[in-house]
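Report on the structure given below.
In this note's numbering, the protein residues as written are 37 to 178.
Right under this line is the structure:
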């Protein structure tokens with residue numbers, strides 16, 4: 037039972053991120069005191085890109101609930117080096133057009149977050165499938 041609780045952590049985190057985005061959007065649109073607060077300041081720079089990344093991660097988080105503990109731990113090792121690289125890549129891109137005429141990046145932070153989320157989900161899915169079949173083949177050889 038305890039191992040399944042640990043494997044629920046990515047799903048709970050993703051659902052929290054999605055819920056927080058909708059809460060902050062609701063707060064900004066309906067409550068005047070939310071305007072010009074920390075939620076308003078973080079909405080376009082952090083909350084929206086994190087939401088874009090999390091949407092692609094939902095199927096992987098659900099799959100991780102049902103995989104074996106060994107596959108989950110291997111996936112965590114993959115995530116330990118892949119996620120910081122993707123966060124740095126997302127943080128390097130501008131939030132919106134700078135307006136000075138130099139458009140070095142033809143894409144913005146939300147676009148990069150979507151692409152990084154899709155890349156992370158695809159690599160994670162391929163890794164989980166590969167690890168599942170390699171462990172299965174290894175157990176049949178014994």
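Positions of the beta carbon are idealized from the N, C-alpha and C atoms, including for glycine. Please read these numbers as outputs of a predicted model, since none were measured by experiment.
Cβ contact check for the region 162-177 and the region 98-115: 3 or more pairs under 8 angstroms: yes
Could you pull out every residue in the same chain whose Cβ sits closer than 8 angstroms to the Cβ of residue 86, ignoring the five residues on either side in sequence? In the chain shown, counting from the first residue as 1, residue 86 sits at position 50. Same-chain partners within the cutoff: 53, 57, 149.
Hey, how far is the Cα of residue 102 from the Cα of residue 162? Walking along the chain shown from the start, residue 102 turns up at place 66. Walking along the chain shown from the start, residue 162 turns up at place 126. Distance between the alpha carbons of residue 102 and residue 162: 16 angstroms.
Under 7 angstroms, do residue 154 and residue 92 count as touching if we go by C-beta distance? Start at 1 with the first residue of the chain shown, and residue 154 comes out as number 118. Start at 1 with the first residue of the chain shown, and residue 92 comes out as number 56. Yes. Within cutoff.
Rounded to whole angstroms, what's the CA-CA distance from residue 81 to residue 145? Just pull it up for me. Counted from its first residue, the chain shown places residue 81 at position 45. Counted from its first residue, the chain shown places residue 145 at position 109. Distance between the alpha carbons of residue 81 and residue 145: 8 angstroms.
Do residue 100 and residue 43 have their beta-carbon atoms positioned less than 7 angstroms apart in this structure? On the chain shown, position 7 is the one that residue 43 refers to. On the chain shown, position 64 is the one that residue 100 refers to. Going by C-beta atoms, residue 43 is nearer than 7 angstroms to residue 100.
Can you tell me whether residue 86 is helix, strand or coil according to DSSP? As a first step, residue 86 is located in the chain shown; it is residue number 50 there, counting from the start. Three-state result, residue 86: helix.
My guess is that residue 152 and residue 171 are in contact by the Cβ rule of under 8 angstroms, so how many angstroms apart are they, rounded? Within the chain shown, residue 152 is the residue found at index 116, counting from 1. Within the chain shown, residue 171 is the residue found at index 135, counting from 1. At roughly 28 angstroms, the Cβ-Cβ gap does not stay under 8 angstroms, so residue 152 and residue 171 are not in contact.
State the DSSP-derived secondary structure class of residue 104, mapped to helix, strand or coil. Stepping through the chain shown from its first residue, residue 104 is reached at position 68. DSSP places residue 104 in coil when its eight states are reduced to three.
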